[in-house]
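Heads up: the sequence shown begins at 1 in the UniProt record's numbering, then just goes up one per residue. C-beta atoms are modelled at their ideal positions from N, C-alpha and C, and glycine is treated no differently. Before any comments, here is the structure.
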Amino acid sequence: MSIHQDQQPQKEATDESTAFETAHCQEEDEKQHGASQRNSMEITSVEPSATPPALSDREILEIPRVENVVLEEQYPVTNLRYGIVAWDGQDDPSNPRNFSSGRKAALMALMGCISIVVSLSSSMIAPAMADIRDEFNEHDQVLSDLAASIILVGKGIGPLILAPLSEIYGRRVILDLSNWVFVAFQIGCALAPNMATLIVCRLCAGFGGAGCLALAPGLVADLYAAPSRGLGTTVMGLGGIAGPVLGPVLGGIIGQRLGWRWMFWILLMLAGLFTMALMVLNLETNARVLIKTKIEKLEKDLLRDDLRNGYDLNRPASKRSLLWTGLRVPFYLLRKSLIVGLLAVYTALIFGLLFLFFLTIPSVFENDYGFSEQGTGLANLGICIGSFVTIFAHAIISDKWLRRLTHRNHGVATPEMRLPLLSIYSCLLPVSFFWYGWSVDKRASCALAIISTIPLAISTTGMFMAIVTYVIDCHPEHAASATAAITFARSMAGAVLPLVGPILYQNLGLGWGNTLLGVIALLFVPIPIILSRYGPAIRGRFEG
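Below is the structure:
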């Protein structure tokens, strides 16, 4: 079985895979079949008996240049004659891209469930912080805010380590280990005797919980081709977004009826349940790791030691070298890829502003509107409505929009076709800050204040999903690492900015304080518009 190479330049037919051929095979085929053009992947010629030289760190970290989104992909196939091991044909059932729709949906549902639990842990504690301060006799407001937000530091650092490890050792083992770390430290949080212990345990829990959040984009890229990634990202986003939205609601109810420690016992039970389900039902989806396992079996069966991974034909390196360079991929992308760096800053701004907004809800609705602790959680009703409407609407619109724009562009799809929706979402963010800020400042009805949070939820939810899908399309081979870089910036902003929130609102008040945040958000509205227009040129200049 061989794959032939075109003599004329052709578009790349796959975003993750490379087909392979030897110079010897090419000469034979040209003699037999002539130099006719074929619909094939761009390939690299190697001598059958030669071992390619090991690449440098810079070459291993090289970012593939993606000009267009490939709608119909071809995958590398096995050619034992030349020691190449890959898939047994384009319809190989062991290829995660060929999994049934039901199996893909089950994997994404499990990831969504554990992501919801992990995300709940970020915001569930917020309504109970007053009770926690009283129990620990802690009067330092900054320290108590740190206890609430420190988990985001763990969630920011975790992906930088866990995402690259998953590219080397596989998604499954890294996900299982990180989930158990999250489960274990819920016990520490529930039994914490003081604020310092609570802070340390939440930091470690955040690191473990980062596993499912970091690996989900890689799972989407593993399972879905470009035309379906919008749907896959939406399912993934359901977990990441539903948690922060539902967290304050559930936290207020549990804190008032059972006490704040029961929040962590409930998180422990839910996380343990879904982690065990994942250990039983989850499947490895990383193509390189699956082929590596296949090579190990074939080497024993065929008594050969010359077999090479079809996905890594031009990237031979020791595991230690791959591990070291892999850990640097997120930072390399932040520095090398202008798009990743720009969107990391943009996402950090969005997330930071969102957490500053969440910071005001307990005090506003308890002190100004007379809500109870449980009722304060229900003040997030507008955010719940906006988030879930956006999640399901985005699932329907995103991929259809891509197909429609592709049709208008004569069948050629680009990553920038994901950005028109991002432009629309970004315009709603400043509107919500202006509306909410002056509604609560002038003591408008609580219903009006709650309704004003709906555009905020629509905006932040839609922007998050659109950005993740765009980054995956731009860097399909480094999907987990690219999104890890963005998650790091987002989480750091979410952890740090709320610490300055009290100072901001004390000096400016709710009206002008939120107006300032709205103006900042307004200044960033042109970013998706600029990327829509100049994204291909930026990728060509800085990532080619």
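Just measuring C-alpha positions, the residue of Val173, Ala216, Ala86 and Ile132 sitting nearest Val118 is Ala216.
Counting only residues of its own chain and dropping the five nearest sequence neighbours on each side, Leu268 has a CB closer than 8 angstroms to the CB of Val183, Gln186, Ile187 and Ala190. The alpha-carbon of Phe433 is positioned some 45 angstroms away from that of Val280.
Around the beta carbon of Ala537, a 10 Å sphere encloses fewer than 16 other beta carbons of the protein chains shown; the residue is thus reported as exposed. Nearest in C-alpha terms to Thr461, of all of Ile391, Leu504 and Pro498, is Ile391. No Cβ-Cβ contact shorter than 8 angstroms links Phe371 with Leu223. Annotated three-state conformation of Ala192 is coil, per DSSP. By the CB criterion at 8 angstroms, Asn282 and Arg172 fall inside the cutoff.
Distances from the alpha-carbon of Phe464 to those of Gly252, Leu354 and Gly251 put Leu354 closest. If you look at Tyr470, you'll find it in the alpha helix (DSSP H) that goes Ile454 to Cys474. In the three-state DSSP reduction, Arg443 falls in the coil class, being neither helix nor strand. Between Asn95 and Phe136, the gap from beta carbon to beta carbon reaches 8 angstroms or more.
Burial is judged here by how many other beta carbons sit within 10 angstroms of a residue's own beta carbon; Tyr425 has at least 16 and is buried. Pairing Thr469 with Ser398 gives a Cβ-Cβ distance under 8 angstroms. Excluding its 5 nearest sequence neighbours in each direction, Val329 has C-beta neighbours in its own chain below 7 angstroms: Leu61, Pro164, His478 and Ser481, listed in chain order. The beta carbons of Gly411 and Ile454 sit no closer together than 8 angstroms.
Nearest to Ile472 by C-alpha distance, out of Met263, Gly437 and Gly218, is Gly218. Beta-bridge partners of Ile84 (DSSP): Asn79 and Arg308.
Collapsing the DSSP output to three states places Ala225 in coil. For Ser166, the closest alpha carbon among the candidates Asn286, Asn79 and Arg335 is that of Asn286.
If you look at Arg97, you'll find it isn't in any alpha helix (DSSP H); DSSP assigns it neither H nor E. Here the alpha carbons of Asn79 and Leu421 stand approximately 43 angstroms from one another. When the Cα atoms are used, Leu175 and Cys212 turn out to be separated by approximately 6 angstroms. Taking each of Asp305, Ala395 and Phe351 in turn and checking the Cα distance to Leu456, the smallest one comes out for Phe351. Taking C-alpha positions only, Ile396 is separated from Leu107 by approximately 20 angstroms. Put simply, the backbone Cα of Ser423 is about 45 angstroms away from that of Asp134. Going by beta carbons, Leu246 and Cys384 fall inside the 8 angstroms limit. Annotation: the continuous alpha helix (DSSP H) that includes Tyr169 extends over Gln141 to Tyr169. Below 8 angstroms, enough C-beta pairs join the segment 495-508 and the segment 143-161 to call them touching: three or more.
With fewer than 16 neighbouring CB atoms inside 10 Å of its own CB, Ser445 falls in the exposed class. Distance from Ile361 to Pro248 at the Cβ level is roughly 7 angstroms; contact confirmed, criterion being Cβ atoms closer than 8 angstroms. Here the alpha carbon of Ala521 sits roughly 10 angstroms from the alpha carbon of Thr515. Around the C-beta of Asn380, 16 or more other C-beta atoms lie within 10 Å, and the residue is accordingly described as buried. Counting only runs of 4+ residues, the alpha helix (DSSP H) found wholly inside the segment 260-307 occupies 261-281 and 287-302, in chain order. Within the same chain, Cβ atoms closer than 8 angstroms to the Cβ of Met124 are found at Gly247, Pro248, Leu250, Gly251, Ile254, Met263 and Leu267, the five residues on either side in sequence being excluded. Annotation: Asn380 is outside any alpha helix (DSSP H) and is labelled neither H nor E by DSSP.
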